[in-house]
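Engineer: Protein chains in written order, with full-length UniProt numbering: chain A, 1 to 818; chain B, 1 to 302. No residue lacks a Cβ here, since even glycine has one placed at the ideal position from N, Cα and C.
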Amino acid sequence: MTVLRDYAEAVGQPALGDEPTRYDEVVGPDGSLRPAWKGLAEVAVGLTRRELDRVHGEITRFLADDGVTYARPGEGVGPWRLDPVPLVIDAATWTRLEVGLAQRAELLNAVLADLYGEQQLLSEGIVPPAVVLGHGGFTRVVARASANDPRPLVLAATDLGRDAEGAWRVLADRAQAPSGIGYAMENRRVVSRVMPELYREAGLHRIEPYFWALRSALIQSAQGELADPRVVVLSPGTHSETAYDQSFIASQLGFPLVQGSDLVVRDGWVWAKRPGGLDRVDVILRRVDAAWSDPLELRGESQLGVAGLVEAVRRGRVRVVNGLGAGVLENPGLLPYLPAASEALLGEPLRLSAVPTWWCGEPHALDHVLDRLDSLVLRAIDGPADALADLSAAEKRERLLDEPHRYVGQESLPLSQSPTWSAGGTSPRPLTLRTFTLRYGSAYRPMVGGLATTAGDRPVSKDVWVLKAAPGDADQGLSEVMSMTNVRSSAVLVPRILEDMFWFGRYAERAEDLLRLVLAAHALAEDFRTRPRSTGGASLGVMMAAVQRLAGRWHDDLDEEFRSLVLDAGRSGSVAHAVAGLRDSLQGVRDQLSGDIWRAFGTTDRATAALVESPHSHQLAESAGRMLTGILSLQGVTASMIRDAGWHMIGAGRALERGVQLCHLLRGTTTVRRGIDVDREVLNAVLLSAESAVTHRRRYRGYVRPAGVLDLLLVDRDNPRSLAFSLAELRVHLAALPASTGSTRPERLLDDLVAELEAQEIAALVAIGGVGRPNLETFLDGYLVQLDRLGAAIAELHLASGPAPRPITAMTLVEEPV
Amino acid sequence: MSARYVVTHRTTYSYDEDVTDSLGIAHLVPRSLPWQEVGSATVTVDPAPGDLAHDTDHYGNTATYFQVTRGHRRLEITASSEVAVTAPSYDEAALGAPWEQARPLVVPRVPGAWRATDFALGSDQVERTAEAHAYAAQSLRPGRAVGEAARDLMHRIHADFEYDQKATTVTSTVPEILAKRAGVCQDFAHLTIACLRSHGLAARYVSGYLSTDPPPGKERVVGADASHAWVAVWAPAPDGASDGEWLALDPTNDQPANDRYVTVAWGRDYGDVTPVKGVIFTEAKRSTLRVSVDVAPVTPSS
Numbered sequence: 001m002t003v004l005r006d007y008a009e010a011v012g013q014p015a016l017g018d019e020p021t022r023y024d025e026v027v028g029p030d031g032s033l034r035p036a037w038k039g040l041a042e043v044a045v046g047l048t049r050r051e052l053d054r055v056h057g058e059i060t061r062f063l064a065d066d067g068v069t070y071a072r073p074g075e076g077v078g079p080w081r082l083d084p085v086p087l088v089i090d091a092a093t094w095t096r097l098e099v100g101l102a103q104r105a106e107l108l109n110a111v112l113a114d115l116y117g118e119q120q121l122l123s124e125g126i127v128p129p130a131v132v133l134g135h136g137g138f139t140r141v142v143a144r145a146s147a148n149d150p151r152p153l154v155l156a157a158t159d160l161g162r163d164a165e166g167a168w169r170v171l172a173d174r175a176q177a178p179s180g181i182g183y184a185m186e187n188r189r190v191v192s193r194v195m196p197e198l199y200r201e202a203g204l205h206r207i208e209p210y211f212w213a214l215r216s217a218l219i220q221s222a223q224g225e226l227a228d229p230r231v232v233v234l235s236p237g238t239h240s241e242t243a244y245d246q247s248f249i250a251s252q253l254g255f256p257l258v259q260g261s262d263l264v265v266r267d268g269w270v271w272a273k274r275p276g277g278l279d280r281v282d283v284i285l286r287r288v289d290a291a292w293s294d295p296l297e298l299r300g301e302s303q304l305g306v307a308g309l310v311e312a313v314r315r316g317r318v319r320v321v322n323g324l325g326a327g328v329l330e331n332p333g334l335l336p337y338l339p340a341a342s343e344a345l346l347g348e349p350l351r352l353s354a355v356p357t358w359w360c361g362e363p364h365a366l367d368h369v370l371d372r373l374d375s376l377v378l379r380a381i382d383g384p385a386d387a388l389a390d391l392s393a394a395e396k397r398e399r400l401l402d403e404p405h406r407y408v409g410q411e412s413l414p415l416s417q418s419p420t421w422s423a424g425g426t427s428p429r430p431l432t433l434r435t436f437t438l439r440y441g442s443a444y445r446p447m448v449g450g451l452a453t454t455a456g457d458r459p460v461s462k463d464v465w466v467l468k469a470a471p472g473d474a475d476q477g478l479s480e481v482m483s484m485t486n487v488r489s490s491a492v493l494v495p496r497i498l499e500d501m502f503w504f505g506r507y508a509e510r511a512e513d514l515l516r517l518v519l520a521a522h523a524l525a526e527d528f529r530t531r532p533r534s535t536g537g538a539s540l541g542v543m544m545a546a547v548q549r550l551a552g553r554w555h556d557d558l559d560e561e562f563r564s565l566v567l568d569a570g571r572s573g574s575v576a577h578a579v580a581g582l583r584d585s586l587q588g589v590r591d592q593l594s595g596d597i598w599r600a601f602g603t604t605d606r607a608t609a610a611l612v613e614s615p616h617s618h619q620l621a622e623s624a625g626r627m628l629t630g631i632l633s634l635q636g637v638t639a640s641m642i643r644d645a646g647w648h649m650i651g652a653g654r655a656l657e658r659g660v661q662l663c664h665l666l667r668g669t670t671t672v673r674r675g676i677d678v679d680r681e682v683l684n685a686v687l688l689s690a691e692s693a694v695t696h697r698r699r700y701r702g703y704v705r706p707a708g709v710l711d712l713l714l715v716d717r718d719n720p721r722s723l724a725f726s727l728a729e730l731r732v733h734l735a736a737l738p739a740s741t742g743s744t745r746p747e748r749l750l751d752d753l754v755a756e757l758e759a760q761e762i763a764a765l766v767a768i769g770g771v772g773r774p775n776l777e778t779f780l781d782g783y784l785v786q787l788d789r790l791g792a793a794i795a796e797l798h799l800a801s802g803p804a805p806r807p808i809t810a811m812t813l814v815e816e817p818v
Numbered sequence: 001m002s003a004r005y006v007v008t009h010r011t012t013y014s015y016d017e018d019v020t021d022s023l024g025i026a027h028l029v030p031r032s033l034p035w036q037e038v039g040s041a042t043v044t045v046d047p048a049p050g051d052l053a054h055d056t057d058h059y060g061n062t063a064t065y066f067q068v069t070r071g072h073r074r075l076e077i078t079a080s081s082e083v084a085v086t087a088p089s090y091d092e093a094a095l096g097a098p099w100e101q102a103r104p105l106v107v108p109r110v111p112g113a114w115r116a117t118d119f120a121l122g123s124d125q126v127e128r129t130a131e132a133h134a135y136a137a138q139s140l141r142p143g144r145a146v147g148e149a150a151r152d153l154m155h156r157i158h159a160d161f162e163y164d165q166k167a168t169t170v171t172s173t174v175p176e177i178l179a180k181r182a183g184v185c186q187d188f189a190h191l192t193i194a195c196l197r198s199h200g201l202a203a204r205y206v207s208g209y210l211s212t213d214p215p216p217g218k219e220r221v222v223g224a225d226a227s228h229a230w231v232a233v234w235a236p237a238p239d240g241a242s243d244g245e246w247l248a249l250d251p252t253n254d255q256p257a258n259d260r261y262v263t264v265a266w267g268r269d270y271g272d273v274t275p276v277k278g279v280i281f282t283e284a285k286r287s288t289l290r291v292s293v294d295v296a297p298v299t300p301s302s
């Protein structure tokens, strides 16, 4: 049996229990396929459970390789979820919807322009004033004549659901900083790769051209006639729910992804910081909510915004997309009044109707909602949609009567259902559809497609396929749009980005060195753990001590300890900790790097998962080895980067960290003597950890002694793993940074370090005193301190972005009387 | 006959380390009103700002934006103006209507009600609380004239609450004021507004200056005045011919605003009309604030 036939049969059965009767996206009431699916029938209906299983597995892997994440509120960052079965919409249905969506965006824009301008809607009572004035999104600092903006809405999103008859109805509008376009694009990319036959067969609208239109719309939205306006994407940072969406859009559009601290206001203009200067910013695609966008005039404690931004907006010197006041549209209280607003502002009836909604500020609506409290959903006009879900009926009633104007009652739509994959087959799940509408040229154009999400405990997204009426139709109806072949990504190298690059280099090197060290120690453990008194057993002890120098000692049991060293992200000095740091530093510069970088994490994540599942000791070497492969592949990605300050910062971080790790390794293994045999075993493990075993064997023909090893690892300038080589690399990278002059403090400190290393005689370093090598110990201890100092000096010169903004009243301790 | 004043309001911040960048918004220029004429008004910033501009805000006040981009350890904002004030007069018929008819959400179609709505809802610094509602109920008895009810509330707040500069801070909330039974003019105003709004009336926060007489037999001390705050409550015009009246009352001094009151700005609460607010970029740990206000009466030379 095939999956869709199973599904059709199951859907045909009478519904059990209280489940509402839902419109089914695939199967009609008579059991036949919907028109949209008829064209796909040959390929789609043939899909077996096994094939769908394979497709689902590939989707998961592709999404992991692309590093696609989403942070659900309260859950932290998790993988983005995508169902293999798309939502398919036929051309005729879409055309009706499209006209309604374009009209809606035009209306919402007109509503915004009116609310922040003439206020005809309020003065004539078309929209009750309390719906707007009592809403947190109404932004008074731009409700002034000076801030008049006739087109504040550039990109709108509308969430839709079907009623029982199958008609699409509006659930909510999103205008503050609509998210999801990046996810929609990523969904399409993945689905087209894993189901190429179906995708080819379908004759659906591709969505790339919509990105070209978005790019062009943002450039056009610059004020005045600018030849080459600078557009940036303003993100609240890597911990935002939709950080992936933001960086995806930025990198697809070729616009830099910045944070509030990367921008400043001077003379009423907005500027992006770069080493040695400022670049003017003309358009900001805003993903920070308005309230947090300017600590001067909006929330004063915000560190996400740009002080002075509101003034720059009012003077028309920067265009913020969407306008700072757009959040007032995310307001269910407006829904009952939009039909009248459409008549008043556009002179047309509203085409798309919304889910029936009553604003309780009107006495008759309040009575209606009070009567139906058990069947209606009670919502505040601002704040999260489900904020009141847990209240008892009595509590709801009390709040309603106290401040009726703050609430609406809404009917809940049954929503349509669509087959959704889960282990063992597909089952019908209710879904909502997010659509996007863009002001392109002088008209609003909905994306022909969207982002569908199944409702329920564990929401899963679906790609949205809109079929073409005729095969020759232009994708997105946009035949004239310029393609983005000419996109020049203007790299923004603000101190924050350089800092992330620096730590990318450091954590990548740290992860690699730790993995090699753990692998070398683990190899000894596999051979000698049962013979602690043997030479190998003693060497194992030395190597474990060297690891624990970096990571502390957490477990007595060796297997537990190894697993923790690899898996425990909460353990400073562990591999997982370094990988987490690496991932964190990359999130902030995601738009600047090739997507290949996330494959490395796909590899390390799968290796980690395999180790978590398998208790066997050999799995540790297997997984650590694969993680090493993943981490090493990062070198291949950076090799293809443009040689700008960012690349040099990665190199500087890597070279510095290599020096630090090498000194720690030698300090933990070579300064105490434990007898010739043990020392030889340890030195072999050290060479392995420092990836110099092969070189050493070729040069010294297997004759391992301290002087030879130290020569190779400390002073040999041809060995890329040596301290001397790392310092030489570091010097090259530092010299290439914009703030370097040849005599800056980091350069001076580095010169001293190089001179000190050059002055060392290996023979003197290995000299024996008592049980150890005191000269070597002194040298390494001193060197570690100086390397640390060098790291701090680099940060201070190249990575500092000056003090953070704070309210002028934040530290006023004394108020002097006159 | 109007009273004339020269007002000087100087705000000085001193820091223990350099501030690289200061941005500010000031509400320091008095409003032109039917009962108040503003002759000249200037705002100066020292060190000289790279940017300074005036704009009319959402409520019709003059808002001044400035940015100082030179390093500084001292920032001084000085506002000077010449103002002529007469005591405002009101349409007694409007003030005589029952207060229930002055609630914008209840009478949304009455002229002016839609604009007054903004002042009838809760705002950041004026929550509508059950305590304020209960306190005000004694004044807002059913059917009482809105003017009389508001004046009664003013008398009671003046009698029940103590003026005490140590009791509160600029960020004190209405519940704190109610609990302490004390505060400064800002708190008296916020409390009065909370009481009126909790019953659905529209009330706005007015910021300005009060000209004071020196103690008997003493010279006037220059700079000893302070910025002041009071409230205004909305009453619709009974014939619907205008947007209604805003009766200005000073609960701190238990009197209606008269020709000694210089109106600078109004809004929903202190946050809308803060005389000077700003953002600074600095590593400084300490700052000192010094405010001096002088409202000097001008004797007509004729």
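#1: Using CA coordinates, which residue listed in B:THR274, B:LEU28 and B:GLU283 is at the minimum distance from A:GLY300?
#2: Chain B beta carbons: is any one of them nearer than 7 Å to that of A:GLU225?
#3: List the residues of chain B whose Cβ lies closer than 9 Å to the Cβ of A:LEU296, in chain order.
#4: Whole angstroms are fine: how far does the CA of A:HIS205 sit from the CA of A:SER489?
#5: Would you call the CB atoms of B:ARG144 and B:TRP99 closer than 7 Å?
#6: Is any beta-carbon of chain A found at less than 7 Å from that of B:THR8?
#7: Does DSSP classify A:ASP289 as helix, strand or coil?
#8: On the premise that B:GLY71 lies in contact with B:THR20, defined as a C-beta separation below 8 Å, what is that separation, rounded to the nearest angstrom?
#9: Buried or exposed: which applies to A:THR420, given that a residue is buried once 16 or more other Cβ atoms fall within 10 Å of its Cβ?
#10: Would you kindly work out how many angstroms separate the C-alpha atoms of B:HIS155 and B:ALA3, rounded to a whole number?
#11: Along chain B, which residues have their Cβ under 7 Å away from the Cβ of A:ASP267?
#12: Nearest to A:ARG439 by CA position, among A:ASP475, A:GLU9, A:GLN760 and A:ALA157, is which residue?
#13: Closest to A:ALA130 by C-alpha separation, out of B:ASP118, B:PRO236 and B:ARG181, would be which residue?
#14: Measure how close the beta-carbons of A:THR454 and A:VAL3 come, nearest whole angstrom, since I'm counting them as under 8 Å.
#15: Against chain A, with Cβ distances strictly below 7 Å, would B:TRP114 count as a contact?
#16: Per DSSP, B:ASP250 is paired with what?
#17: From the beta carbon of A:ARG140, is the nearest beta carbon of chain B less than 7 Å away?
#18: Report back the beta-carbon spacing between A:ALA735 and A:ARG717 to the nearest angstrom; my notes put them in contact at under 8 Å.
#19: What is the residue span of the alpha helix (DSSP H) that A:GLN635 lies within?
#20: Would you mind giving the Cβ-Cβ distance between A:LEU451 and A:ASN322, rounded to the nearest angstrom? I have them listed as a contact below 8 Å.
#21: So with Cβ pairs under 7 Å, would you call A:PRO803 a contact of chain B?
#22: Return helix, strand or coil for A:SER146, following the three-state DSSP convention.
#23: I want to verify the contact list: residues of chain A whose CB lies under 9 Å from the CB of B:LEU28, in sequence order.
#24: State yes or no: is the beta carbon of B:VAL100 nearer than 7 Å to at least one beta carbon in chain A?
#25: Counting only beta-carbon separations shorter than 7 Å, does B:ASP46 have a partner in chain A?
#26: Go to B:ALA136, then tell me how far its beta strand (DSSP E) extends in each direction, as first and last residue.
#27: Could you run through the stretch 151-167 of chain B and flag, in chain order, every residue whose CB is less than 9 Å away from some CB of chain A?
#28: If you measure from the beta carbon of B:ALA121 to each beta carbon in chain A, is any gap under 7 Å?
#29: Roughly how many angstroms lie between the CA atoms of A:GLN476 and A:SER418, to the nearest whole one?
Structural biologist: Taking the geometry as given:
#1: Reading the first sequence from its first residue, position 300 is the one you call residue 300 of chain A. Relative to the Cα of A:GLY300, the nearest Cα in the group B:THR274, B:LEU28 and B:GLU283 belongs to B:THR274.
#2: The sequence position of residue 225 of chain A within the first sequence is 225, counting from 1. No - not a single Cβ of chain B is within 7 Å of the one on A:GLU225.
#3: For the purposes of this step, residue 296 of chain A is identified with residue 296 of the first sequence, where counting begins at 1. Within 9 Å Cβ-Cβ: LEU23, GLY24, ILE25, TYR65, LYS277, GLY278 and VAL279.
#4: Working through the first sequence from its first residue, we reach residue 489 of chain A at position 489. Working through the first sequence from its first residue, we reach residue 205 of chain A at position 205. Reliability of the predicted coordinates at A:SER489 is poor, the pLDDT of 49 falling under 50, and the value obtained from them is presented with this limitation in mind. Whole-angstrom Cα-Cα distance: 27 Å.
#5: As a first step, residue 144 of chain B must be located in the second sequence, where it is residue number 144. As a first step, residue 99 of chain B must be located in the second sequence, where it is residue number 99. Yes; because the gap between Cβ atoms is below 7 Å, this pair is in contact.
#6: By one-based count along the second sequence, residue 8 of chain B stands at place 8. Chain A, which has no Cβ nearer than 7 Å to the Cβ of B:THR8, makes this no.
#7: Numbered from 1 along the first sequence, position 289 holds the residue referred to as residue 289 of chain A. Coil, per DSSP.
#8: To locate residue 20 of chain B, count along the second sequence from 1; it is residue 20. To locate residue 71 of chain B, count along the second sequence from 1; it is residue 71. That belief holds up - the Cβ atoms of B:THR20 and B:GLY71 are roughly 6 Å apart, short of 8 Å.
#9: The residue given as residue 420 of chain A occupies position 420 in the first sequence. Flag for A:THR420 reads buried.
#10: As a working mapping, residue 155 of chain B is identified with position 155 in the second sequence. As a working mapping, residue 3 of chain B is identified with position 3 in the second sequence. Roughly 26 Å between the two C-alpha positions.
#11: As a position in the first sequence, residue 267 of chain A is number 267, starting the count at 1. The contacting residues are GLY50 and ASP51.
#12: Position 439 of the first sequence, counted from the first residue, corresponds to residue 439 of chain A. Comparing C-alpha distances from A:ARG439 to each of A:ASP475, A:GLU9, A:GLN760 and A:ALA157 shows the shortest one belongs to A:ALA157.
#13: Position 130 of the first sequence, counted from the start, is the residue given in the question as residue 130 of chain A. Comparing Cα-Cα distances from A:ALA130 to each of B:ASP118, B:PRO236 and B:ARG181, the minimum goes to B:ASP118.
#14: The residue labelled residue 454 of chain A in the question sits at position 454 within the first sequence. The residue labelled residue 3 of chain A in the question sits at position 3 within the first sequence. Contact flag wrong, Cβ pair sits at about 16 Å.
#15: Residue mapping note: residue 114 of chain B aligns to position 114 of the second sequence, counting from 1. With 7 Å as the cut-off, B:TRP114 counts as an interface residue toward chain A.
#16: Counting from one through the second sequence, the residue named residue 250 of chain B turns up at place 250. Beta-bridge pairing links B:ASP250 to B:GLN255.
#17: Here the question's residue 140 of chain A lines up with position 140 in the first sequence. Chain B contact via Cβ: present.
#18: The residue labelled residue 735 of chain A in the question sits at position 735 within the first sequence. The residue labelled residue 717 of chain A in the question sits at position 717 within the first sequence. So it is not a contact: roughly 17 Å between Cβ atoms.
#19: To locate residue 635 of chain A, count along the first sequence from 1; it is residue 635. Taken as a continuous stretch (DSSP letters only), the alpha helix (DSSP H) holding A:GLN635 covers 617-639.
#20: As a first step, residue 451 of chain A must be located in the first sequence, where it is residue number 451. As a first step, residue 322 of chain A must be located in the first sequence, where it is residue number 322. With 8 Å as the limit, A:LEU451 and A:ASN322 do not qualify as a contact, their Cβ atoms being about 18 Å apart.
#21: On the first sequence, position 803 is the one that residue 803 of chain A refers to. Yes, A:PRO803 counts as interfacial toward chain B.
#22: Looking up residue 146 of chain A in the first sequence gives position 146. Three-state result, A:SER146: helix.
#23: Residue numbering aside, residue 28 of chain B sits at position 28 when the second sequence is read from its first letter. The premise fails here: B:LEU28 is roughly 15 Å from chain A at the closest Cβ pair, so nothing lies under 9 Å.
#24: Position 100 of the second sequence, counting from 1, holds the residue named residue 100 of chain B. The sequence as given places Glu at residue 100 of chain B; Val does not occur at that position. No - not a single Cβ of chain A is within 7 Å of the one on B:GLU100.
#25: On the second sequence, position 46 is the one that residue 46 of chain B refers to. Not an interface residue.
#26: To locate residue 136 of chain B, count along the second sequence from 1; it is residue 136. Run containing B:ALA136: none in the beta strand (DSSP E); it sits in the alpha helix (DSSP H), 130-137.
#27: Taking 9 Å as the Cβ-Cβ cut-off against chain A, none of the residues of the stretch 151-167 of chain B qualify.
#28: Residue mapping note: residue 121 of chain B aligns to position 121 of the second sequence, counting from 1. The amino acid at residue 121 of chain B is misidentified as Ala; the sequence shows Leu. Cβ-Cβ to chain A under 7 Å: yes for B:LEU121.
#29: Sequence index remark: in the first sequence, residue 476 of chain A carries index 476 (1-based). Sequence index remark: in the first sequence, residue 418 of chain A carries index 418 (1-based). Roughly 24 Å between the two C-alpha positions.
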